[in-house]
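Below is one structure, written out as structure tokens; the observations come after it.
There are 2 protein chains.
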Amino acid sequence: MTTVSKDAQSADQTATAPDPSPDLAALAAALAPGALLTDPAGVAAYRFDFTADEDAGMPLAVVRASSAADVQATVRWAGAHGIPLVPRGAGSGLSGGSNAVDGCVVLSLERMRAVEIDPSTRTAVVEAGALNVEVKQAAAEHGLWYPPDPSSYEICSIGGNVATNAGGLCCVKYGVTTDYVLGLDVVLADGTLVRLGGQRIKDTAGLSLLKLFVGSEGTLGVVTRATLRLVPAQQPPATLVATFDDVADAARVVVAIGARLRASMMELMDQASINAVEDHKPMGLDRDAGAMLLAQSDAPGAARGEEIALMEQLCSEGGARECFTTTEPDEGELFVAARRAAIYAIERRGTIMLEDVGVPVPRLPDLLTGIAEIARACDVEIPVVAHAGDGNTHPVVVYPPGDAEARARAAQAFSQVMSLAIRLGGTITGEHGVGRLKRDALPEQLGPDVMALTHRIKHALDPQGILNPGAGF
Amino acid sequence: MTTVSKDAQSADQTATAPDPSPDLAALAAALAPGALLTDPAGVAAYRFDFTADEDAGMPLAVVRASSAADVQATVRWAGAHGIPLVPRGAGSGLSGGSNAVDGCVVLSLERMRAVEIDPSTRTAVVEAGALNVEVKQAAAEHGLWYPPDPSSYEICSIGGNVATNAGGLCCVKYGVTTDYVLGLDVVLADGTLVRLGGQRIKDTAGLSLLKLFVGSEGTLGVVTRATLRLVPAQQPPATLVATFDDVADAARVVVAIGARLRASMMELMDQASINAVEDHKPMGLDRDAGAMLLAQSDAPGAARGEEIALMEQLCSEGGARECFTTTEPDEGELFVAARRAAIYAIERRGTIMLEDVGVPVPRLPDLLTGIAEIARACDVEIPVVAHAGDGNTHPVVVYPPGDAEARARAAQAFSQVMSLAIRLGGTITGEHGVGRLKRDALPEQLGPDVMALTHRIKHALDPQGILNPGAGF
């Protein structure tokens with residue numbers, strides 16, 4: 003891992019040295035009362051996102067904005083003093099994208115939580131700090147649905163979802179965050195507030211700036227508000243659970259199913275994940291199975307049963323040990339909850355480094371086989387859970403807490419898994435973002451020309467390099 | 003209309019004057035044999051896209067590239083000589099995006115037509131000049147489907163679809179071009195070929211450069227190849243046709259249906275369009291109806307009938323004059339073909355200026371009422387066809403050929419319709435692009451800050467301003 007200060011310096015070669023004694027009183031005066039936190043204990047609570055990376059820096063101060071005007075004032079102040087800004091939503095990021103850098107101001111959007119549903123346009127206008135679950139609940143009151151569903155949907159913010167182009171379990175049929183963002187309010191590096199898009203569904207006027215900001219991890223601007231597309235409420239899904247001797251067999255069945263129908267969920271857990279969940283909260287999963295496939299259909303009417311039957315047939319033809327189906331949503335939800343809890347269950351086995359690699363779906367068997375080899379070679383555990391229908395997997399490198407030598411082996415495995423995914427035509431991150439933890443691996447994926455293009459855009463939008471330096475690229 | 007030479011000059015303030023005697027022999031030598039056209043008659047055939055704008059300029063030469071290397075050589079040569087480049091696919095654009103500017107080189111991708119389907123990843127790797135229909139046909143051979151379906155799908159190229167972020171009739175359920183672009187090969191203004199994305203479905207590594215190039219109308223780079231996402235073949239749709247006394251009633255029913263289900267098509271024709279189609283090719287449409295709604299469901303199994311029944315009920319509750327449904331795909335296709343032919347039928351009534359304005363769906367009645375008022379005030383006909391489920395409409399301003407005074411009134415109406423859409427929270431273009439014809443209206447929609455941001459990105463990627471000057475923004 004590189005040090006944070008090096009990250010911050012290298013983010014933009016034109017970054018100027020920060021003002022050594024910036025006028026925090028002026029910042030406080032420009033903000034709503036109580037927005038600025040400077041006491042060390044309060045500030046320290048904003049050092050980390052969920053990665054709790056020990057290399058995270060110490061912020062100078064924290065701004066808890068309650069309006070776009072607060073965000074603008076903070077960005078202008080930071081620009082005037084050359085102070086790095088680290089935007090932050092709910093702090094649930096898994097790649098260190100909102101871990102602090104030394105001397106930065108953490109710009110938290112947690113107080114900006116308004117959610118307004120417009121049933122006539124089927125849109126939600128949402129402040130960046132609102133939680134994903136809050137949007138889902140507000141939409142449900144109008145018979146509408148906001149599909150993107152990261153496993154962390156109860157605790158992650160829409161701003162963070164936009165910053166990382168977050169995915170989830172339903173993406174295999176319903177797409178990712180960018181597919182639902184119709185409009186964004188963004189504060190640019192010079193403090194200008196721009197409004198992109200709106201409540202219209204199709205719009206190709208001008209450059210796709212809206213899409214450029216989605217997934218930009220706070221490096222090009224600070225998103226303060228999003229207009230999100232809603233769809234009619236999902237039909238209650240039917241669920242299939244199938245076990246396989248071998249994880250590669252399960253992966254092949256995923257490919258076969260995808261060629262025939264669009265399942266609304268297609269998740270995979272390998273043996274180590276199954277056992278981690280059983281250890282954590284026993285629910286009678288088959289500990290001997292090499293892999294478990296969890297699929298759903300939310301097709302309307304009788305088609306739901308037909309899709310489940312076809313998936314069952316393909317599992318059977320693909321060598322499933324056992325296959326169980328249910329049309330009871332509550333029973334299905336038990337298995338989904340187990341899948342959602344898998345990362346937390348695995349976390350109880352040690353300290354973790356969470357991957358988010360993706361490959362073209364037919365390369366899944368090669369990826370899973372290769373990960374097992376890396377685990378053996380580096381002498382670490384790497385349980386895998388996957389949004390298999392999208393080829394997006396979460397290998398979890400586990401090592402004993404406090405063991406520096408084991409940590410080094412884990413870091414090696416973490417890096418090798420990313421290289422493997424790249425070799426298989428894949429990506430180092432499908433939905434969590436590059437953040438600070440995967441930044442060193444990005445050039446291997448993108449190559450020098452795309453990295454140069456990336457830096458040209460960054461420089462055009464943030465010439466001082468104050469926006470989330472060290473994150474994203 | 004501004005003159006083209008002014009457009010070319012104002013595209014980028016740093017544009018240098020073009021070399022008055024560029025070395026075309028050197029360009030020819032850098033290309034595959036036969037790629038360069040310089041004879042006046044051959045070159046003149048590449049002046050216009052479908053808009054046939056009389057202000058289009060005369061190219062210096064035309065390059066018909068047969069490889070990315072040809073494209074790179076052309077871009078490098080143009081950069082060295084300061085010559086503007088106008089990229090061109092099939093020339094079916096409806097906004098003048100590939101109309102020539104004086105002294106430019108038209109860079110045609112028409113010879114780059116390879117289409118490769120990979121059924122295991124469900125992707126198509128497609129050269130930019132391949133037609134949309136060729137991708138659909140190649141996918142269908144593997145039981146797969148490429149959804150985006152502009153009405154011109156039989157004659158438009160994938161490169162043009164990417165350049166404009168093209169839509170179509172199925173977008174209301176299946177989304178637009180950007181939703182299916184997984185990868186792009188792009189030649190940048192300095193001749194570098196970058197490869198963005200790939201065959202993976204979820205990928206959030208680095209900035210969303212892929213999405214930035216979609217819809218950029220050849221102003222940021224030249225797309226030479228696209229990797230497109232395919233989905234399982236569509237189920238045969240059932241069709242509903244309903245007529246209404248008033249177009250606003252029909253628009254309200256569109257809103258009501260959208261709140262309950264996701265139709266796979268939701269098109270609307272007003273009285274003038276219905277009559278234009280009947281005049282052109284009689285098929286017994288109700289000439290007295292104020293509007294006709296054409297909807298389809300492709301839901302699987304019995305759900306298809308349920309969706310059609312629900313739509314029928316909502317039409318009836320919404321005051322439909324008549325309602326007809328069919329599960330016969332051929333019968334339904336007759337109505338869809340009538341809808342697709344509407345623009346061509348309207349074109350027989352005079353010279354046209356084709357709009358592509360969109361509004362939030364509930365604003366459709368206001369838009370349609372307002373367009374009727376503009377038609378009266380400007381004394382022109384403005385029949386309307388619409389992808390109503392998306393709020394995307396095609397008002398067609400019709401005026402007598404060769405009548406300069408009528409043309410001026412038509413241009414006024416064209417401009418007023420765009421302003422109306424903007425006032426209703428809409429866009430000047432949902433799927434055709436800004437091109438050269440709508441460029442003057444863009445600042446009114448985007449505002450000065452977003453225009454400035456757009457120019458910063460343009461300048462970062464094309465500092466000489468050689469890529470499609472005068473188009474897009």
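Taken in order, these protein sequences are the chains called A and B. Those letters in the first sequence? Residues 3 to 475, by our numbering. Those letters in the second sequence? Residues 3 to 475, by our numbering. Virtual Cβ for every residue (Gly too), placed ideally from N, Cα, C.
Between which two residues does the beta strand (DSSP E) holding residue i run?
i                      : result
residue 89 of chain B  : 87 to 90
residue 338 of chain A : Counting along the chain, residue 338 of chain A falls outside any beta strand (DSSP E), though it belongs to the alpha helix (DSSP H) covering 331 to 342.
residue 455 of chain A : Element bounds for residue 455 of chain A: not the beta strand (DSSP E) but the alpha helix (DSSP H), 444 to 463.
residue 19 of chain B  : It is not in any beta strand (DSSP E) - residue 19 of chain B carries neither H nor E in the DSSP assignment.
residue 32 of chain B  : From DSSP, residue 32 of chain B is part of no beta strand (DSSP E) but of the alpha helix (DSSP H) over 26 to 32.
residue 243 of chain A : 240 to 246
Do we get a CB-CB distance below 9 Å when we pair residue i with the residues of chain B?
i                      : result
residue 440 of chain A : yes
residue 418 of chain A : no
residue 213 of chain A : yes
residue 173 of chain A : yes
residue 430 of chain A : yes
residue 394 of chain A : yes
residue 262 of chain A : yes
residue 167 of chain A : yes
residue 286 of chain A : no
Per DSSP, which residues does residue i bridge with? Please list them.
i                      : result
residue 172 of chain A : Partner(s): none; residue 172 of chain A has no beta bridge.
residue 397 of chain B : B/386
residue 188 of chain A : A/196, A/225
residue 1 of chain A   : Here chain A comprises residues numbered 3 to 475, so residue 1 of chain A is not present and cannot be evaluated.
residue 231 of chain A : A/125
residue 110 of chain A : A/66, A/90
residue 355 of chain A : A/399
Output yes if chain A places a C-beta closer than 9 Å to the C-beta of residue i; else output no.
i                      : result
residue 434 of chain B : yes
residue 257 of chain B : yes
residue 414 of chain B : no
residue 181 of chain B : yes
residue 2 of chain B   : Outside the displayed range of chain B (3 to 475) lies residue 2 of chain B, so it cannot be described from this structure.
residue 325 of chain B : no
residue 268 of chain B : no
residue 236 of chain B : no
residue 451 of chain B : yes
residue 124 of chain B : yes
residue 52 of chain B  : no
residue 367 of chain B : no
Looking at the secondary structure, which residues open and close the alpha helix (DSSP H) in which residue i lies?
i                      : result
residue 470 of chain B : Element bounds for residue 470 of chain B: n/a, residue is neither H nor E.
residue 380 of chain B : 366 to 380
residue 76 of chain B  : 70 to 83
residue 43 of chain B  : 42 to 46
residue 251 of chain B : 249 to 260
State the DSSP-derived secondary structure class of residue i, mapped to helix, strand or coil.
i                      : result
residue 433 of chain A : coil
residue 120 of chain A : strand
residue 293 of chain A : strand
residue 300 of chain A : coil
residue 218 of chain B : coil
residue 317 of chain A : helix
residue 181 of chain A : helix
residue 272 of chain A : strand
residue 63 of chain A  : strand
residue 326 of chain A : strand
residue 285 of chain A : coil
residue 203 of chain B : coil
residue 58 of chain B  : coil
residue 38 of chain B  : strand
message = Could you tell me which whole beta strand (DSSP E) segments of length 3 or greater appear in the region 123 to 168 of chain B?
response = 125 to 129
query = Between the region 195 to 208 of chain B and chain C, which residues of the former have CB atoms less than 7 Å from a CB of the latter, in chain order?
reply = Note that chain C does not occur in the displayed structure, where the protein chains are A and B.
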